[in-house]
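Each residue of the sequence shown is one higher than the one before, starting from 1 at the first, in full-length UniProt numbering. To keep things clear, I will list the structure first and then write my remarks on it.
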Amino acid sequence: MQGNINLTRFIYETQKAFPTATGDFSAILNQIALAAKIVSMEVNRAGILDDVLGYQGETNPSGDDQKKLDVIADNVFFNALEHIEKFCIMGSEENENPVKLPKRYKKGRYAILFDPLDGSSNIDFNVSIGTIFSVFRRTSPEGGDGNLQDLLQPGYKQVAAGYVLYGSSTMMTFTTGQGVNMFTLDPQIGEFILTHPNIRIPDATRYYSINEGNSANWSDALRSYVDTLKTSDNIHGKVLSGRYIGSMVADVHRTLLGGGFFSYPADSANPSGKLRLMYEANPMAMVIEQAGGRAIYGEGDIMGIIPRELHQKIPVFLGSKKDIDALQRAVFGK
Ligand code: AHM
Ligand code: MG
1 MQGNINLTRF IYETQKAFPT ATGDFSAILN QIALAAKIVS MEVNRAGILD DVLGYQGETN
61 PSGDDQKKLD VIADNVFFNA LEHIEKFCIM GSEENENPVK LPKRYKKGRY AILFDPLDGS
121 SNIDFNVSIG TIFSVFRRTS PEGGDGNLQD LLQPGYKQVA AGYVLYGSST MMTFTTGQGV
181 NMFTLDPQIG EFILTHPNIR IPDATRYYSI NEGNSANWSD ALRSYVDTLK TSDNIHGKVL
241 SGRYIGSMVA DVHRTLLGGG FFSYPADSAN PSGKLRLMYE ANPMAMVIEQ AGGRAIYGEG
301 DIMGIIPREL HQKIPVFLGS KKDIDALQRA VFGK
């Protein structure tokens, strides 16, 4: 492929290389991109429209207060995806139960989970937020309605995953299991352009990323390990800088491009951490591993976990292989 490549062309050319492809992924990715453009526009205007910022007055299944933008983004993604007849069931971080598709649509071969607007605590401050998505092939018989089991699959069974970052520019990053590609929205033409083809996460870094406000509740091993990053006695042989935005999408995005690691660990107040396995950990783990990195919960890989429930939480450590290997050895003795 030559020159400036837009998302539609990228999808078309990738599909051409697989003669047996049905076009299902093309439809799915194009509709995710459409929803991302709409949410991006809403996020950009949120500070101007006084009915968009602030709380909705409800909590989501994890007990977090729902922001109005969370609910807007949730609706935008459902509306963009429900009618394309590629899914049999959907799951959203904002909904307690799996979301069935309207009867009038044929049921497709895939199940999708998404966190429509991650990093909600940053919404009111004009700080980057994002959308995360994860796609599985259905396990229930074709044709009928899907069920919870279509969604509750281990991460290694994901067939596609990615995120959209609403930052100083809007970027869409995804993998279908053949590496990771990153697209930047050109607002003048309203198209995503391939700006970072086949990304590999670097081994060298200047940064580590973790909420140190919680360090009093961490394990001693984790606290000691993070302390080594503030001296030159670590795998990088230099003092690292801390970078923590508090939006997983933005923190993972920086880690993907800049190396190092991002973590939301378990602590004594949150024994399973804060991040959700199905909506946040699994899709980001697939992206990071497809870029040559690693994603673990502690002793083992995030994508190996057999999920128990839709909103279950899991500690997350992800980043460059070199960093995660060292952290796993020091903190979990593996
Ligand atoms: P959310 O889905 O309610 O937005 O919560 C998830 C977010 C992640 O984006 C981020 O990594 C984490 O919460 C930050 O939490 P904290 O503010 O405790 O550091
Ligand atoms: Mg979230």
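Every residue gets a Cβ at the ideal spot worked out from N, C-alpha and C, and that includes glycine.
Per-residue burial, residue i [other beta carbons within 10 Å of its own, 16 or more giving buried]
i: GLN149; result: exposed
i: GLN153; result: buried
i: residue 363; result: No information on residue 363 is available, as it lies outside the stretch 1 to 334 that the chain covers here.
i: LEU327; result: buried
i: MET1; result: Because MET1 sits at a pLDDT of 47, beneath the cut-off of 50, its placement in the model cannot be relied upon, and the following sentence gives the value as read from the coordinates. Classification for MET1: exposed.
i: PHE125; result: exposed
i: GLU94; result: buried
i: LYS233; result: Before going further, note that residue 233 is Asp rather than Lys in the sequence given. ASP233 is exposed by the Cβ-count criterion.
i: ASN282; result: buried
i: VAL39; result: buried
i: GLY333; result: exposed
i: ILE123; result: buried
Contacting residues, own chain, Cβ-Cβ under 7 Å from residue i (five flanking each side not counted)
i: LEU165; result: SER128, GLY130, MET171, VAL249, ALA250 and HIS253
i: GLY179; result: ASN198 and GLN290
i: GLY273; result: TYR264, PRO265, ALA266, LYS313, ILE314, PRO315 and VAL316
i: ALA33; result: LEU7, MET172 and PHE192
i: LYS37; result: LEU185 and GLY190
Residue i in three-state terms, based on DSSP
i: ARG137; result: strand
i: LEU229; result: coil
i: PHE78; result: helix
i: ARG45; result: helix
i: GLU191; result: strand
i: ARG9; result: helix
i: SER128; result: coil
i: PHE18; result: coil
i: ASP325; result: helix
i: LEU29; result: helix
i: ILE89; result: strand
Presumed contact (8 Å Cβ cut-off) between residue i and residue j, rounded CB distance
i: LEU318; j: PHE261; result: 7 Å
i: residue 336; j: ARG138; result: No information on residue 336 is available, as it lies outside the stretch 1 to 334 that the chain covers here.
Same chain only: Cβ atoms within 6 Å of residue i, ignoring 5 sequence neighbours per side
i: THR184; result: SER169, MET171, ILE193 and THR195
i: SER215; result: ARG223
i: VAL331; result: ALA221, LEU222 and TYR225
i: ARG294; result: LYS321 and ILE324
i: ASN4; result: ILE193
i: PHE77; result: ALA35, PHE114 and PRO116
i: ILE210; result: SER263
Neighbourhood of residue i by C-beta, 8 Å cutoff - its chain only, sequence neighbours within 5 removed
i: ASN30; result: LEU7, THR8 and ILE11
i: TYR244; result: SER209, ILE210, ASN211, GLU212 and ASP251
Quiz prompt | the region 186-205 / the region 221-231 touching (three or more Cβ pairs under 8 Å) | solution = No: fewer than three Cβ pairs fall under 8 Å.
Quiz item: Any chance the region 104-116 sits against the region 83-93, with 3 or more Cβ pairs inside 8 Å?
Solution: A contact exists between the region 104-116 and the region 83-93.
Quiz prompt | Three-pair Cβ contact test at 8 Å for the region 255-264 versus the region 134-149 | solution = Not touching, per the Cβ criterion.
Quiz item: Would you say the region 275-283 touches the region 305-317, given that touching needs at least three Cβ pairs under 8 Å?
Solution: By the Cβ test, the region 275-283 is in contact with the region 305-317, since at least three Cβ pairs between them sit closer than 8 Å.
Quiz prompt | Inter-stretch contact at 8 Å, needing at least 3 Cβ pairs: the region 91-106 / the region 32-44 | solution = Short answer: they don't touch.
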